Structures are given as structure tokens and as C-alpha cells.
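In our numbering, the protein residues as written are 10 to 309.
All residues carry an ideal CB built from backbone N, CA and C; glycine is no exception.
Every value quoted in this text rests on a predicted model; they were computed, and no experiment measured them.
Shown next, in C-alpha cells, is the structure this report addresses.
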């Protein structure tokens with residue numbers, strides 16, 4: 010129980026952004042808060058927070074522990090709400106955003122429609138968009154996204170729903186440009202590049218030691234729509250790096266061919282929900298989030 014209390018205090022300190030803010034928020038003294046965090050660090054044998062007079066920053070270990078603490082205490086909150094009989098039939102309006110590729114290619118549209126059929130007191134507004142919406146200032150309850158890294162600020166809570174395997178494919182017309190030298194292949198065929206990636210002129214991979222490896226590509230088309238990327242590849246425009254589920258039928262039929270490197274792999278794309286935490290979350294929003302976590306989404 011003492012460990013659980015220390016974990017709760019650690020989460021509260023990080024969520025507040027420091028010991029002084031956590032003291033004002035929880036009423037516990039700074040000395041008590043600091044002691045619990047120090048004892049937790051000693052017990053784990055890892056520094057969790059980098060402290061200085063001017064900054065408050067989590068270490069890598071601290072970031073991992075904080076995210077797990079948020080998930081654990083959110084789950085506890087859900088359990089208490091259920092046990093206390095407070096989880097009545099959900100009602101109210103929910104506003105979410107989702108990219109068109111995720112909505113149309115997978116089960117999200119079907120599941121959301123099925124949810125509304127089972128819970129008719131809920132109304133949902135969906136913005137289908139690829140733009141980076143501002144969850145807090147635009148009034149969204151949550152956003153569904155897909156990316157390889159969940160590098161969000163501390164006040165954002167990402168929840169992974171599924172993982173998508175990535176692949177590189179090209180039209181068979183380019184088969185004479187595919188060589189045993191992987192880098193040469195990437196440099197000799199134009200690429201259709203996802204707009205949201207950091208550097209449009211390179212693709213990133215991981216080796217067997219999980220070390221990042223980067224190769225240059227020739228961006229011929231930069232776009233933020235998976236369907237257009239697929240169509241561009243089918244029309245012989247060049248290489249695409251894309252979730253395998255989008256092109257698996259094209260590969261099976263021979264319309265596109267896979268390009269692989271036996272010693273490298275592409276980081277998975279993590280399909281996830283992003284929200285601002287459970288505190289103050291309306292019951293209907295919490296209910297829909299739990300529904301999406303529980304349903305089977307065919308992304309593998």
C-alpha cells in the first residue's frame with residue numbers, strides 16, 4: 010500500500026509540474042512529496058526526475074513510469090465508478106477527430122455507428138481530418154491518430170488501440186531497378202512520402218540492435234492521404250512506405266511487390282487515442298473510450 014501511495018504522489022507531482030504546484034493542489038507538504046519520490050527512486054534504483062532550481066524534467070525512466078501510473082490510476086478510477094454504481098447509461102455529446110484513412114479502412118466507422126445504436130442517448134460529432142487538431146483549445150474530447158512514437162506533452166494521455174505493421178511496396182514496372190543493395194534501390198526509384206513524417210527526404214528503420222538507421226529517398230509526391238499514396242503506387246509513380254493492411258490485397262494479387270531488407274525493419278505505426286486525462290472527463294466520453302479499447306479493431 011505504501012508503494013501505491015508513493016506512485017500516486019509521484020504521478021500527482023509530475024501532473025502538477027513540480028513540488029510547489031503539487032503542494033498547492035494536494036495540500037501535502039513539499040517535504041512529504043519529495044520524500045515519497047526519493048524513496049520511490051531508491052526502491053527502483055533509478056532517477057525519475059531531474060531536479061534543479063530552474064527546471065523540472067522527467068528522465069526516460071520517469072517518463073515510462075509516469076505513463077504507466079496514469080494508465081493504472083485511470084483504470085482504478087474506472088473500477089471504482091463501476092463498483093459504486095455510477096456508470097449509468099451514457100448520454101451527452103462527444104466530439105472527436107480521426108484521419109480519413111483510419112476511419113474508412115478499418116472498423117472505427119462501423120464500431121462508432123454500432124455504439125450509437127446501443128447507446129441512443131449519446132450524440133457524436135466526428136471531424137475527419139489529417140490536420141493536427143488542438144484537442145484542448147478546439148474542444149475535442151479525444152483524437153484518434155497513428156504514428157510510430159507517442160511523444161506527447163505530459164498533460165496528454167495516449168492510449169494504444171492497435172499496432173500496424175509497415176512495409177515498402179512498388180509497382181512491378183520498377184522491378185528492374187530493385188537490386189540486392191537496399192540503399193541503391195531506394196535511391197534509384199522515386200518515393201511517395203507521407204506528409205506527416207519529420208524529414209521528407211529520408212526513411213527510418215531499426216536494425217537488430219534496435220538502433221535507428223536512415224536512408225535517403227527521392228520524394229516525388231508528398232501527401233497526407235494513405236489512399237492517394239496507394240493509388241500513386243498502383244499508377245507506377247514510385248515507392249511507398251505504408252501500413253501493410255492498406256496494400257496486402259494488392260501484394261497478394263501481384264499489383265504491387267514488397268521491398269524488404271532482412272536485417273532492418275520499419276517501426277510499427279501505433280493506432281492510439283489521445284485525450285487530456287480522466288480527471289474531469291464526462292462519463293459518456295469515458296464510456297466511449299473504454300468501448301474503443303475493448304472492441305476488436307482489425308489492424309493486424
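Enclosing beta strand (DSSP E) for residue i [first to last residue]
i: residue 189; result: No beta strand (DSSP E) contains residue 189, which DSSP labels as neither H nor E.
i: residue 121; result: Note, residue 121: premise wrong, no beta strand (DSSP E); alpha helix (DSSP H) at 117-127.
i: residue 154; result: 151-156
i: residue 277; result: Run containing residue 277: none; DSSP gives neither H nor E here.
i: residue 104; result: 101-107
i: residue 179; result: 175-179
i: residue 211; result: 211-215
i: residue 162; result: That residue, residue 162, is in no beta strand (DSSP E); it is neither H nor E in DSSP.
i: residue 229; result: 227-232
i: residue 134; result: 131-137
i: residue 267; result: 266-268
i: residue 203; result: 199-203
Exposure label - residue i; buried when at least 16 CB within 10 Å
i: residue 312; result: Look at the range of the chain in this structure, 10 to 309, and you will see that residue 312 is not part of it.
i: residue 73; result: exposed
i: residue 31; result: buried
i: residue 139; result: buried
i: residue 207; result: exposed
i: residue 146; result: exposed
i: residue 20; result: buried
i: residue 162; result: exposed
i: residue 52; result: exposed
i: residue 122; result: exposed
i: residue 113; result: exposed
Beta-carbon contacts of residue i that lie in its chain and below 8 Å, excluding the five residues immediately before and after
i: residue 306; result: Per-residue confidence for residue 306 stands at a pLDDT of 47, beneath the threshold of 50, marking its modelled position as unreliable; the derived number appears in the next sentence. Here the set comprises 115, 116, 117, 120, 170, 171, 280.
i: residue 273; result: 191, 214, 215, 216, 222
i: residue 94; result: Here residue 94 scores only 46 on pLDDT, less than 50, and its place in the model should not be relied on; the value that follows carries that caveat. Correct list: empty, nothing qualifies.
i: residue 265; result: 178, 179, 180, 181, 242, 243, 256, 259
Cα-Cα separation, residue i to residue j
i: residue 151; j: residue 141; result: 12 Å
i: residue 89; j: residue 83; result: 10 Å
i: residue 13; j: residue 36; result: 18 Å
i: residue 253; j: residue 58; result: 39 Å
i: residue 290; j: residue 60; result: 31 Å
i: residue 277; j: residue 228; result: 21 Å
i: residue 137; j: residue 127; result: 23 Å
i: residue 159; j: residue 129; result: 33 Å
i: residue 110; j: residue 268; result: 23 Å
i: residue 196; j: residue 261; result: 26 Å
i: residue 68; j: residue 240; result: 43 Å
i: residue 177; j: residue 156; result: 16 Å
i: residue 85; j: residue 43; result: 24 Å
i: residue 218; j: residue 173; result: 21 Å
i: residue 25; j: residue 285; result: 13 Å
i: residue 168; j: residue 125; result: 22 Å
i: residue 309; j: residue 258; result: With a pLDDT of 44 at residue 309, under the threshold of 50, the predicted position of this residue should be treated as unreliable, and no value is reported.
i: residue 143; j: residue 188; result: 44 Å
i: residue 271; j: residue 193; result: 15 Å
i: residue 225; j: residue 298; result: 39 Å
i: residue 282; j: residue 98; result: 22 Å
i: residue 66; j: residue 22; result: 11 Å
i: residue 242; j: residue 154; result: 23 Å
i: residue 175; j: residue 234; result: 15 Å
Residue interval of the alpha helix (DSSP H) (run including residue i)
i: residue 300; result: 292-303
i: residue 255; result: 253-262
i: residue 61; result: That residue, residue 61, is in no alpha helix (DSSP H); it is neither H nor E in DSSP.
i: residue 34; result: 28-35
i: residue 238; result: 235-243
i: residue 53; result: 39-53
Same chain, Cβ closer than 6 Å to residue i, five either side skipped, listed in chain order
i: residue 76; result: none
i: residue 294; result: 103, 150
i: residue 39; result: 28, 32
i: residue 212; result: 224, 226, 250
i: residue 79; result: 166
Cβ neighbours of residue i in the same chain (closer than 7 Å, five flanking residues each side left out)
i: residue 55; result: 70
i: residue 15; result: 45, 48, 49
i: residue 100; result: 130, 131, 293
i: residue 231; result: 202, 204, 209
i: residue 300; result: 124
Cβ of residue i within 9 Å of any chain D Cβ
i: residue 264; result: Going by chain labels, chain D is absent from the structure shown, which holds only one protein chain.
State whether the stretch 178-191 contacts the stretch 248-258, with contact taken as three or more CB pairs (one from each stretch) at a distance under 8 Å. yes
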